Amino acid sequence: MKIPFRSLYLKIFIWFWVAMIIINVATFAIFYLTRPTPIRRSWRDLTQVGPNAQKAGETYEQSGKAALAASFDSTEKSTGVSATFFDENGNELSGRNAPQGTPELLARVAESREIEFNFAGRDTLVARPIVSAKGQRYIYVAHIPRPTFQQGLQPLLLRLLVILVIGGIFCFWLARYLTTPLLKLRTTTNELAEGNLGARVADKLTKRRDEIGQLGRDFNGMGQRLESMVKAQQRLLGDISHELRSPLARLGVALGLARQRAGMEANGALDRIERESDNLNEMIGQLLTLTRLESGTDERKPSEVDLAALVRDVAEDADFEARSLNRSVQIVWTEKCSINGVEELLRSAVENVVRNAVRYTPEGTAVEVALRRQNGGGDRFALISVRDRGQGVPEESLEKIFRPFYRTEDARDRQSGGGTGLGLAITERAVRMHGGTVEAHNAKDGGLSVELRLRL
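According to our numbering, the residues represented by the sequence shown are 1402 to 1857, in order.
As C-alpha cells, then:
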C-alpha cells in the first residue's frame, strides 16, 4: 500500500509513535536519574566500614568471640552487609567462614597497611586494617553485596528499544485501524467522481457507531440522491430530444411544401430555416447519443476495429470539407493497430475532435492528425492526437471543454460561431467507455492539441 508522506495515515502513526517515544524516554531518564541507585547504597556502606571496624575491635577485646559474632549477625540483618574479623596472622576471630578471595586481600593489606578492595566476586570485599586501644592489629573485612538491580546503561537502552519497537507496531496497527475506513471512503468517492453513480460505501463501514460510520451513511445518502437526480436529468433530456424529432420531421415536410408554393424571393428565408432545422436536428441527435452513453443503454456490439483505417477515413472526409474553407487536414503519422470496440462510437469520437479543430484553425493552415502506438506500465495504447493552429484555449478551461454544453468565452467561439458544445462531451464519454482517456493542452508554438488514448 502506497502511503504518501502527507497522508493522514502517516501523520497519525508518526504522532502516536513520537508521543510514545517522548513519554518512554522521559520515564527512562527520570527513573535513571532519581532511582535509589545501587551506587549510592554502595558508597553509604563503604562509609560505614571504618566505624564498624573500630566497633568490631572493641567488641572482641571487651566481650570476646561470641559477642563479636552476635554483633556481625545484627549488622547483617539490618544492612545486609556481612563481615569477618582477622588478626594480623590471618586467623578469623568471629567463627565465620571467609569468602573466596579473602586470603589474597589480607595479603595485600598486610603489605600496604592501607584499605584494599576486591571486586572480582559476587560481593564487593573491603579490607580495613585497624589498631585497637590495646595496640593490637586487626583486619576487618566487609562483604558488601552488589545488588542485582545495579545495571549499566546498555541493558536499560536495550529494554527501551524493545518497548519502542513494540509500541511502534501498536501505533502502526492503530493508525491503520483509524485510516482504513477513510481510504475505503476515498476509493468510493473516486468511483463516484469517475461516473459510477452506483458506487456506495460497504455495509461494514456504515454499521459503525462512530463518526466514521455516520460519514459513510451520509455519503451513501448523498450518492443515492445524486444518482436519482442525474438519472432523472438524463431521462428528461432523452425524452425531450426524442419528442422533438417528430416536430422537426413535420417541419421538414412543411419546408418542402413551402418551397414549392413560394416564389424566388422567399428562398433566402427558407434556406435559413432549413439550416437552423438541420442544426437543431444535429443537436438532438448528439443529445440522444450522449444520453445513451451516460445512461449505459447503448446496445451496439463491440467488434475488431482497424484504428488506422478509421483515422484515415475520418481525416479524408474532414479534409474534403475543409478545402471549401481554405483549410486542410493532414495525417502526419500513422501506425497499424486495432482495438475491440464499437466502431460507430470510435468514429464519432475522432470525428468530433477533427471537425472541432477544422472549425478553429485559421485559413491557410492544416489540422495535423497522428496515430501512434505506446507502451506503458505493461499495457499497450493507441494515441490519436489532433492539433489545430488556432488561438488555443485558456488554461482554466482545458478540462471543462469536455463538459456538455460548455463553450469558452474567448474569440474562438465568437469568430467561428462555435458548435453545440456536445461534440467533445460525446468524445470523452465514448473514449471512457472504451477504457481510455482524453486530454487537451495548448501547444507551445500555438494551437490546441487533443489526445485520445485507447488501450489496445
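Think of the CB as a built atom: it goes at the ideal place given N, C-alpha and C, for glycine as much as any other residue. Everything numeric in this text was worked out from a predicted model, so none of it was measured.
- Distance check between residue 1452 and each of 1528, 1570, 1751 places 1528 closest, using alpha-carbon atoms only.
- Contact check for residue 1712 against residue 1768 fails: the beta carbons are separated by 8 Å or more.
- Per the DSSP secondary-structure output, residue 1706 pairs in a beta bridge with 1740.
- Note: residue 1546 is bridge-paired with 1524 in the DSSP secondary-structure output.
- Going by DSSP, residue 1512 is part of no beta strand (DSSP E) but of the alpha helix (DSSP H) stretching over 1503–1513.
- With the rule of 3 Cβ pairs closer than 8 Å, the region 1756–1776 counts as touching the region 1789–1801.
- As computed with DSSP, residue 1541 is found in a beta bridge with 1486, 1529.
- The C-beta distance from residue 1495 to residue 1470 rounds to 5 Å, short enough to meet the 8 Å contact threshold.
- For residue 1783, the enclosing beta strand (DSSP E) begins and ends at 1780–1788.
- One Cα belongs to residue 1509, the other to residue 1467, and the distance between them is close to 28 Å.
- Under the DSSP assignment, residue 1850 falls in the beta strand (DSSP E) whose first and last residues are 1849–1856.
- Taken in chain order, the complete alpha helix (DSSP H) segments of 4 residues or longer contained in the region 1578–1626 are 1604–1607.
- When secondary structure is reduced to three states using DSSP, residue 1800 falls in the coil class, being assigned neither helix nor strand.
- Residue 1518 sits in a strand when the DSSP states are folded into three classes.
- Counting every other CB atom within 10 Å of its CB across the protein chains shown gives residue 1578 a total below 16, marking it as exposed.
- For residue 1838, the enclosing beta strand (DSSP E) covers residues 1838–1843.
- Scanning its chain for C-beta atoms nearer than 6 Å, with the 5 sequence neighbours on each side dropped, one finds around residue 1489 the residues 1538, in chain order.
- Look at residue 1729 here: in three-state DSSP terms it is strand.
- Shortest Cα-Cα distance from residue 1603 to any of 1620, 1449, 1612 involves 1620.
- Only residues of its own chain outside the window of five on either side were considered, and among them 1598 have a CB closer than 7 Å to the CB of residue 1627, listed in chain order.
- Here DSSP, grouped into helix, strand and coil, assigns residue 1449 to coil.
- Just so you know, the alpha carbons of residue 1762 and residue 1704 end up roughly 34 Å apart.
- By the neighbour-count criterion, in which a residue is buried when 16 or more other Cβ atoms sit within 10 angstroms of its Cβ, residue 1824 is buried.
- With 16 or more other CB atoms across the displayed protein chains lying within 10 angstroms of its CB, residue 1418 is buried.
- Around the C-beta of residue 1611, fewer than 16 other C-beta atoms lie within 10 Å, and the residue is accordingly described as exposed.
- The beta carbon of residue 1719 is closer than 8 Å to those of 1730, 1752, 1755, 1756, 1759, 1768 in its chain, skipping five residues each way along the sequence.
- In the structure shown, the three-state DSSP call for residue 1470 is helix.
- Three or more beta-carbon pairs separated by less than 8 Å link the region 1830–1848 to the region 1734–1750, which places the two stretches in contact.
- Here residue 1583 is not near residue 1422, since their CB atoms are 8 Å or more apart.
- DSSP places residue 1828 in the uninterrupted alpha helix (DSSP H) bounded by 1824–1834.
- For residue 1563 and residue 1546, the gap between their C-alpha atoms comes out near 30 Å.
- When DSSP states are grouped into helix, strand and coil, residue 1764 belongs to the coil group.
- Taken through DSSP and simplified to helix, strand or coil, residue 1668 comes out as helix.
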